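There are 2 protein chains.
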Amino acid sequence: MNESDTYRIHPIGYIRRTDQGNQLEIMEAYQPALKQLEHFSHVMVFWWADKHDNEKSRTTLQTQPPYAADKLCGVFATRAEYRPNPIAMTTCKLLEVDEANGIVKVAEIDAFDGTPLIDLKAYFPVCDRVKDAHIPGWLSDWSEWMPEEGLGL
Amino acid sequence: MNESDTYRIHPIGYIRRTDQGNQLEIMEAYQPALKQLEHFSHVMVFWWADKHDNEKSRTTLQTQPPYAADKLCGVFATRAEYRPNPIAMTTCKLLEVDEANGIVKVAEIDAFDGTPLIDLKAYFPVCDRVKDAHIPGWLSDWSEWMPEEGLGL
Numbered sequence: 471m472n473e474s475d476t477y478r479i480h481p482i483g484y485i486r487r488t489d490q491g492n493q494l495e496i497m498e499a500y501q502p503a504l505k506q507l508e509h510f511s512h513v514m515v516f517w518w519a520d521k522h523d524n525e526k527s528r529t530t531l532q533t534q535p536p537y538a539a540d541k542l543c544g545v546f547a548t549r550a551e552y553r554p555n556p557i558a559m560t561t562c563k564l565l566e567v568d569e570a571n572g573i574v575k576v577a578e579i580d581a582f583d584g585t586p587l588i589d590l591k592a593y594f595p596v597c598d599r600v601k602d603a604h605i606p607g608w609l610s611d612w613s614e615w616m617p618e619e620g621l622g623l
Numbered sequence: 471m472n473e474s475d476t477y478r479i480h481p482i483g484y485i486r487r488t489d490q491g492n493q494l495e496i497m498e499a500y501q502p503a504l505k506q507l508e509h510f511s512h513v514m515v516f517w518w519a520d521k522h523d524n525e526k527s528r529t530t531l532q533t534q535p536p537y538a539a540d541k542l543c544g545v546f547a548t549r550a551e552y553r554p555n556p557i558a559m560t561t562c563k564l565l566e567v568d569e570a571n572g573i574v575k576v577a578e579i580d581a582f583d584g585t586p587l588i589d590l591k592a593y594f595p596v597c598d599r600v601k602d603a604h605i606p607g608w609l610s611d612w613s614e615w616m617p618e619e620g621l622g623l
């Protein structure tokens, strides 16, 4: 166990943004993993922030976020896509799951067209919905809930 | 963009379970990324399910979950640790953040001692808390909220 350990991950599909909406295109090999997903209202979409898979972004450990420019924050205290492992995660509202064709339509997602997908996890309130969550005072005007359609670009 | 693409991730620290509690030990190189995290009540802990980083687990696409043994589910519709990319994520209640020493104490976490950590993200209700979430009927007796102390082993 040391810092040079490396784990390997592979894309399971790609994000497609079109005039008709946003969809997750899952590679054929992984399509059986979608079974029953249509019974959930939301899915956590894990994507690879490929534009930040470089030395500069992966060694940026602190930032002044756009929403709080006077606060120097560690990247673990933000959702910045530049971080040591550029794994991003967006909770999305599910519109449609087509298991046979590997298409998952979502309302909104804050990732660019062509972004690699690395995992999907159904949203379970018992795991993911925190009743008494608080955030720093400088974010106190932010919504207490995810917007109905989710977060887009 | 094809199935053989590989992305590389590295541990940022390890989970330690002791009689005194559960803590995340962050490697020295990544400790500055913890700055300001103490102002949040919860953190999403991304860990590498190292016991499932093998061919069998990574090609298991469907499962009969212990809580619904008569339902064949795709792994994307579950939180199983066996999945194409064995990335697991647990939302944890923060107890203490010691940036200088790289120690983050959490109430509960459902990962074994020694498990590699790959990312931390502060829990933002605007991103992560869904007001109108629903789950399959066969899970209807599950809590609508994460337990106060979180999910343990």
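Chains as they are written, first to last, in the working numbering: chain A, 471 to 623; chain B, 471 to 623. A virtual CB, placed ideally from N, CA and C, is assigned to each residue, including glycine. For clarity, every value in this text was computed on a predicted model and none was experimentally measured.
| Check | Outcome |
| --- | --- |
| Closer than 9 Å to chain B by CB, threonine 488 of chain A | no |
| Any chain A beta carbon closer than 9 Å to asparagine 524 of chain B | no |
| Spatial distance of leucine 564 of chain B from isoleucine 479 of chain B (CA atoms) | 24 Å |
| Alpha-carbon spacing of serine 511 of chain A relative to threonine 548 of chain B, whole angstroms | 13 Å |
| Cross-chain neighbours of glutamate 625 of chain B in chain A, by beta carbon under 7 Å | Any answer about residue 625 of chain B is impossible in this case: the structure gives chain B only from 471 up to 623. |
| C-beta atoms of threonine 585 of chain B and tryptophan 518 of chain B nearer than 9 Å | yes |
| Given 8 Å, three or more beta-carbon pairs between the stretch 605-614 of chain A and the stretch 590-607 of chain B | yes |
| Classification of glutamine 534 of chain A by the beta-carbon crowding that lies within 10 angstroms, buried from 16 upward | exposed |
| Neighbour list for tryptophan 615 of chain A in chain B, Cβ cutoff strictly below 8 Å | Pro595, Val596, Arg599, Val600, Lys601 |
| Inter-stretch contact (C-beta, 8 Å, three-pair minimum) for the stretch 612-623 of chain A and the stretch 536-554 of chain B | no |
| Rounded distance between the beta-carbons of proline 556 of chain B and aspartate 523 of chain B, thought under 8 Å | 5 Å |
| contact_flag[the stretch 489-501 of chain B, the stretch 564-575 of chain B] where n(CB pairs < 8 Å) is 3 or more | yes |
| Coil, strand or helix - lysine 575 of chain A by DSSP | strand |
| Per-residue DSSP class, three states only, for valine 515 of chain A | strand |
| Reference alanine 503 of chain B; option with closest CA among A/Cys562, A/Leu531, A/Glu569, A/Ala550 | A/Leu531 |
| Pairwise C-alpha distance: phenylalanine 516 of chain B and isoleucine 482 of chain B | 10 Å |
| Three-way DSSP call (helix, strand, coil) for aspartate 589 of chain B in this model | strand |
| Length at least 4, wholly inside the stretch 483-554 of chain A: the alpha helix (DSSP H) runs in chain order | 525-528 |
| Cα-Cα separation, valine 567 of chain B to tyrosine 500 of chain B | 14 Å |
| C-beta neighbour in chain A for proline 536 of chain B, strict 9 Å | no |
| Near-chain B residues of the stretch 541-552 of chain A (beta-carbon distance less than 8 Å), N- to C-terminal order | Lys541, Leu542, Cys543, Gly544, Val545, Phe546, Ala547, Thr548, Arg549 |
| Cutoff 9 Å: glutamate 473 of chain A Cβ touching any chain B Cβ | Its pLDDT being 48, under 50, glutamate 473 of chain A is placed unreliably in this model, and the value from its coordinates should be taken loosely. Interface residue, yes. |
| CA-to-CA distance, proline 554 of chain A to phenylalanine 546 of chain A, given in whole angstroms | 9 Å |
| 6 Å CB neighbourhood of threonine 488 of chain B in its chain, flanking five on each side removed | none |
| One or two residues paired with arginine 599 of chain A in a DSSP bridge | In DSSP, arginine 599 of chain A forms no bridge with anything. |
| Collapsed DSSP secondary structure at leucine 609 of chain A in the structure displayed | helix |
| Spatially closest choice to lysine 526 of chain A from A/Glu508, A/Glu551, A/Gln506, by CA coordinates | A/Glu551 |
| is_contact[valine 513 of chain A, chain B] using C-beta, thresh 9 Å | yes |
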